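Report on one structure; see the data block that follows.
Residue numbers (my numbering): 12 to 351.
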């Protein structure tokens, strides 16, 4: 009788090319930066605290920087639900998010609770819109620390992981991740490159944020918009997206990172071109999803979040790239701050 062969469980890692620093601000441009710290002050079994900060900065033709808008949020997720939420600026509608599941359905409630922030594509809305995914990826820290539950709880977690098959390119049924999960009931060991500092000599390049403590995670976003010098009727978009984690040893590493560039018609707000460059991704199957960014061509930036939610799923996409692309909807607001 033949003996079945074991599946190939060798870790086939993806790209490891994180950005070092941030491009200089362009005169006559607007830059939005945002970060969310993902921490568990009560330990691995405690609630997840999401500490958000965001800022819009205009750079004049002479290089002078002016802060246009700022926001901060503190969202506590316990038992999968929003247990606490504080923000600056304060908005009465945030109370409607309390006790809402920080997952499926959350964004529908958010849209209804803060329609003015939604319409304005404000920094506050961006931070709150990230809650479902930043709370979800908080589990990466437990995996990296080896704090994931064992026994029956671990079996349930493995079953939940298995149900994610084909949700995106990295989770394809025949890919590295799912082959290992089916064989072992756990995610395969991940390697991640050390995280270069995104801040450069430009003191105004990012809003203020401190070092990332061991065991914590951070999501970074940057969105630059400027008129095309060759064609002022076109807005040039340059964006980046990074999720990082600081190991218990104190080294910050990059889990996911993308650069995104786009050209947008300034009058109609229509995406003329869009391109994603993957820089850091965990598995060799992940980078294939970058081509999905081109599907945004012809879409109004004001409709991007709705289209991404409705259409961008499956193995031709990446959940983290989709998150990066969601931020491009904010071009609809920032382009209005450009001179001329």
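Every residue gets a Cβ at the ideal spot worked out from N, C-alpha and C, and that includes glycine. No experiment lies behind these values; they were computed from the predicted model shown.
Buried/exposed call for residue i, threshold 16 Cβ in 10 Å
i, result
"residue 328", "buried"
"residue 143", "buried"
"residue 224", "exposed"
"residue 265", "buried"
"residue 259", "exposed"
"residue 181", "buried"
"residue 126", "exposed"
"residue 87", "buried"
"residue 55", "exposed"
"residue 278", "exposed"
"residue 141", "buried"
"residue 243", "exposed"
"residue 115", "exposed"
"residue 355", "Within the shown structure, residues of the chain are numbered from 12 to 351, placing residue 355 beyond reach of any answer."
"residue 78", "exposed"
"residue 90", "exposed"
"residue 71", "exposed"
"residue 241", "exposed"
Backbone CA spacing between residue i and residue j [nearest angstrom]
i, j, result
"residue 392", "residue 194", "No answer is possible for residue 392: the residues shown for the chain start at 12 and end at 351."
"residue 335", "residue 232", "8 Å"
"residue 39", "residue 246", "12 Å"
"residue 196", "residue 150", "16 Å"
"residue 66", "residue 93", "24 Å"
"residue 98", "residue 185", "43 Å"
"residue 348", "residue 199", "46 Å"
"residue 101", "residue 207", "34 Å"
"residue 332", "residue 103", "32 Å"
"residue 113", "residue 73", "43 Å"
"residue 152", "residue 254", "11 Å"
"residue 344", "residue 57", "37 Å"
"residue 136", "residue 299", "30 Å"
"residue 109", "residue 64", "20 Å"
"residue 76", "residue 53", "39 Å"
"residue 284", "residue 41", "20 Å"
"residue 28", "residue 120", "37 Å"
"residue 292", "residue 269", "9 Å"
"residue 217", "residue 234", "11 Å"
"residue 191", "residue 239", "47 Å"
"residue 81", "residue 215", "14 Å"
"residue 251", "residue 316", "17 Å"
"residue 286", "residue 305", "6 Å"
"residue 85", "residue 45", "14 Å"
"residue 51", "residue 220", "18 Å"
"residue 96", "residue 118", "15 Å"
"residue 139", "residue 337", "13 Å"
"residue 203", "residue 297", "14 Å"
"residue 59", "residue 289", "28 Å"
"residue 248", "residue 267", "20 Å"
"residue 171", "residue 330", "Confidence is the limiting factor: at residue 171 the pLDDT is only 47, short of 50, which leaves the residue's position unreliable and the question unanswerable from this model."
"residue 213", "residue 177", "42 Å"
"residue 209", "residue 222", "12 Å"
"residue 148", "residue 323", "19 Å"
"residue 122", "residue 339", "17 Å"
"residue 111", "residue 62", "18 Å"
"residue 24", "residue 183", "15 Å"
"residue 26", "residue 107", "40 Å"
"residue 273", "residue 346", "13 Å"
"residue 69", "residue 236", "10 Å"
"residue 175", "residue 275", "34 Å"
"residue 15", "residue 155", "Interpretation of residue 15 is limited by its pLDDT of 32, a score under 50 that renders its predicted location unreliable; no figure is taken from the coordinates."
"residue 189", "residue 341", "34 Å"
Contact belief for residue i with residue j at Cβ below 8 Å, rounded distance in angstroms
i, j, result
"residue 310", "residue 318", "6 Å"
"residue 105", "residue 124", "7 Å"
"residue 262", "residue 205", "6 Å"
"residue 294", "residue 211", "Contact flag wrong, Cβ pair sits at about 30 Å."
"residue 201", "residue 49", "Wrong, their Cβ atoms sit about 17 Å apart, outside the cutoff."
"residue 312", "residue 280", "5 Å"
"residue 47", "residue 230", "4 Å"
"residue 271", "residue 308", "13 Å between Cβ atoms; not a contact."
"residue 179", "residue 326", "7 Å"
Cutoff 7 Å: residue i Cβ touching any chain B Cβ
i, result
"residue 104", "The chain labelled as chain B is not found in the depicted structure, where only one protein chain is given."
Closer than 6 Å: residue i CB and nearest the ligand MN heavy atom
i, result
"residue 295", "Ligands are entirely absent from the displayed structure, and the ligand MN is therefore not among its contents."
3 or more residues per run - each beta strand (DSSP E) lying fully within the segment 49 to 105: Secondary structure in the segment 49 to 105: the beta strand (DSSP E) runs of 3 residues or longer, each lying completely within the stretch, are 59 to 70, 76 to 89, 92 to 99 in chain order.
Inter-stretch contact (C-beta, 8 Å, three-pair minimum) for the segment 23 to 33 and the segment 127 to 139: no
Within the segment 249 to 330, ranges of the alpha helix (DSSP H) (whole runs, at least 4 residues): Annotation note: the segment 249 to 330 contains the following uninterrupted alpha helix (DSSP H) runs of length 4 or greater, listed N- to C-terminal: 315 to 322.
In chain order, each alpha helix (DSSP H) run of at least 4 residues that lies wholly inside the segment 167 to 239: 187 to 195
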